[in-house]
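Novice:
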Amino acid sequence: MLLAKLPRRSYTHATTPIEKLTHLSKLLDGPSIYIKRDDLLGLAGGGNKTRKLEYLLADAIRKGADTIVTGGALQSNHCRLTLAAAVKEGLKCHLVLEEGVATPYDPDANGNNLLYKLLGAEFIKVVPYGSDMIADMHALGEELAAAGRKPYVIPIGGSNELGSVGYVACAQEILQQTFETGLVLDDVVVASGSGGTQAGLIVGFHASSAPIKVHGINVSRPNETQIPKITDLVQQTASYLNVADNQLADRVHCYDGYVGEGYTIPTQGMIEAVQMLARTEGILLDSVYTGKVMAGLIDLVRKGAFKKEDNVLFIHTGGSPSLYANPTLFNEDLFVL
Ligand SMILES: Cc1ncc(COP(=O)(O)O)c(C=O)c1O
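UniProt numbering applies: residue 1 is where the sequence shown begins, and numbers increase by one.
(1) Reducing DSSP to helix, strand and coil, say where H13 ends up.
(2) Nearest CA to the CA of A58: which residue from K5, T103, D29, Y105?
(3) Buried or exposed for D256, going by 16 or more other Cβ atoms inside 10 Å?
(4) Between the C-alpha atoms of I265 and V126, what's the straight-line distance to the nearest angstrom?
(5) Can you find a heavy atom of ligand 1 that lies under 7 Å from the Cβ of S287?
(6) Start and end of the beta strand (DSSP E) containing D187?
(7) By alpha-carbon positions, which one of P211, D132, A238 ends up nearest to I156?
(8) Give the straight-line distance between the Cα atoms of V188 and S320, rounded to the nearest whole angstrom.
(9) Put G72 into one of helix, strand or coil per three-state DSSP.
(10) Would V231 pass as a contact of N48 if the rule is Cβ separation under 8 Å?
(11) With DSSP as the reference, label T103 as helix, strand or coil.
(12) Does DSSP put Y263 in a helix, a strand or coil?
(13) Quick one: what's got a C-beta closer than 7 Å to L201's C-beta in the same chain, skipping five residues either side?
(14) Would you kindly check if the distance between the Cβ of A325 and the Cβ of G71 is under 8 Å?
(15) What would DSSP say about T231, mapped onto helix, strand or coil?
(16) Per DSSP, what kind of secondary structure is P321 in: helix, strand or coil?
(17) Please name the residue, chosen from M137, A146, T178, Q176, that lies closest to G158 on a Cα-to-Cα basis.
(18) Count the CB pairs spanning the segment 306-313 and the segment 178-185 that are closer than 8 Å, and state whether there are at least three.
(19) Over what stretch of residues does the alpha helix (DSSP H) that includes K88 continue unbroken?
(20) Quick check on the DSSP output: the beta strand (DSSP E) that includes V168 runs from which residue to which?
(21) Does ligand 1 have a heavy atom nearer than 7 Å to the CB of S131?
(22) Between the beta-carbon of I271 and the beta-carbon of F179, is there less than 8 Å?
(23) Can you determine whether any heavy atom of ligand 1 sits closer than 7 Å to the C-beta of A191, and answer yes or no?
(24) Can the beta-carbon of A207 be found closer than 8 Å to that of V243?
(25) Hey, how far is the Cα of C93 from the Cα of I298?
(26) Does G120 pass the burial test, meaning 16 or more other C-beta atoms within 10 Å, or should it be called exposed?
(27) Straight-line CA distance for R9 to Q176?
(28) For N48, verify whether its CB is less than 7 Å away from any heavy atom of ligand 1.
(29) Whole angstroms are fine: how far does the CA of A238 sit from the CA of G90?
(30) If you measure between the beta carbons of V87 and L140, is that distance less than 8 Å?
(31) If you draw a straight line from the alpha carbon of Y263 to that of L28, how long is it in whole angstroms?
(32) Check each candidate in A109, Y129, D333, A84 and name the one with the smallest Cα separation from E98.
(33) In terms of residues, what are the limits of the alpha helix (DSSP H) holding I112?
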């Protein structure tokens with residue numbers, strides 16, 4: 001596996017920091033907890049998609065695309081960042097947005113929705129909850145092609161084998177950083193959604209024979225569907241990079257106890273976790289992804305899943321722009337210092 005051989009655009013100027021969460025670690029009285037600040041990645045507002053887009057946009061440009069098509073939920077961080085990457089590359093961008101189960105599209109909504117307009121999406125197609133998003137995105141691509149444009153369709157969350165390479169590269173970055181500082185990592189805790197982030201980290205650590213356990217905290221699906229989804233993507237990514245698939249499936253660990261009633265639906269644990277990070281460390285999480293992941297990490301620590309001498313790394317995958325879409329969500333204090 002030689003990542004330098006793959007075409008890649010560069011959207012961040014340095015490695016993202018790994019910081020110790022001193023106050024949180026002391027408060028929970030468990031392992032030492034560290035954070036990888038991927039919320040500080042480049043493009044508009046940062047977050048995990050930036051790493052995937054470095055490879056996906058390079059592929060789009062190599063194939064002569066002039067328009068990027070992608071899709072996601074109404075408050076999609078992936079759509080915001082894909083649009084920002086397209087703007088940076090001088091390409092147009094069309095978005096397919098799926099309404100929520102109880103949330104119709106509001107053209108004047110704040111958060112990422114405001115940013116789609118500010119960043120100048122050329123076209124936004126809104127589809128009802130439960131639509132076949134993949135078919136809708138490809139239909140849009142075909143319409144563009146029929147009109148003489150050169151579309152490039154990026155899957156939801158940027159999670160195919162090429163997008164996942166962004167997190168294979170992140171695993172290498174983490175290993176280099178911990179090599180330089182002497183930090184011996186035991187565990188990584190990360191969001192498990194469309195899966196490219198978790199899958200890439202698993203393949204990256206596996207390829208370097210690093211015995212670091214990656215705990216994926218599900219944000220939308222039960223384990224019954226999430227584990228096969230991650231396992232497939234891990235295998236596709238490994239095969240794409242010629243990484244030997246010896247017992248890779250054994251490295252897939254998912255937890256579905258923190259999703260609550262469903263994707264985007266708030267939980268008490270998420271509210272406590274977002275308030276805890278804000279009030280102990282001055283770090284903003286979000287309600288859909290990192291808040292639920294941190295709720296999972298806090299609960300695992302409280303249940304004694306880690307040893308006191310363990311070093312655990314939480315991957316901050318971004319998402320704080322969506323906080324502004326729901327200004328009353330954190331009115332109740334579930335965590336007070
Ligand atoms: C802020 C944030 N964190 C985590 C995720 C989940 O990452 P993945 O889709 O790679 O599982 C997303 C996906 O949109 C996200 O926006």
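All C-beta atoms, glycine included, are put in the ideal place defined by N, C-alpha and C. Source: prediction; values computed, not measured.
Specialist: Checking against the coordinates, here is how it stands:
(1) coil
(2) K5
(3) buried
(4) 20 Å
(5) no
(6) 187-192
(7) D132
(8) 21 Å
(9) strand
(10) With the sequence shown as reference, residue 231 is identified as Thr, and Val is not the correct amino acid for it. Cβ distance not < 8 Å, so T231 and N48 don't count as in contact.
(11) coil
(12) coil
(13) Y167, C170, A171, V188, V190, V214
(14) no
(15) helix
(16) helix
(17) M137
(18) yes
(19) 77-88
(20) Here V168 belongs to no beta strand (DSSP E); instead the alpha helix (DSSP H) covers 161-181.
(21) no
(22) no
(23) yes
(24) yes
(25) 38 Å
(26) exposed
(27) 21 Å
(28) yes
(29) 32 Å
(30) no
(31) 27 Å
(32) Y129
(33) Sequence inspection shows Asn at residue 112; the Ile mentioned does not correspond to that position. It spans 112-118 - the alpha helix (DSSP H) in which N112 sits, taken as one unbroken run.
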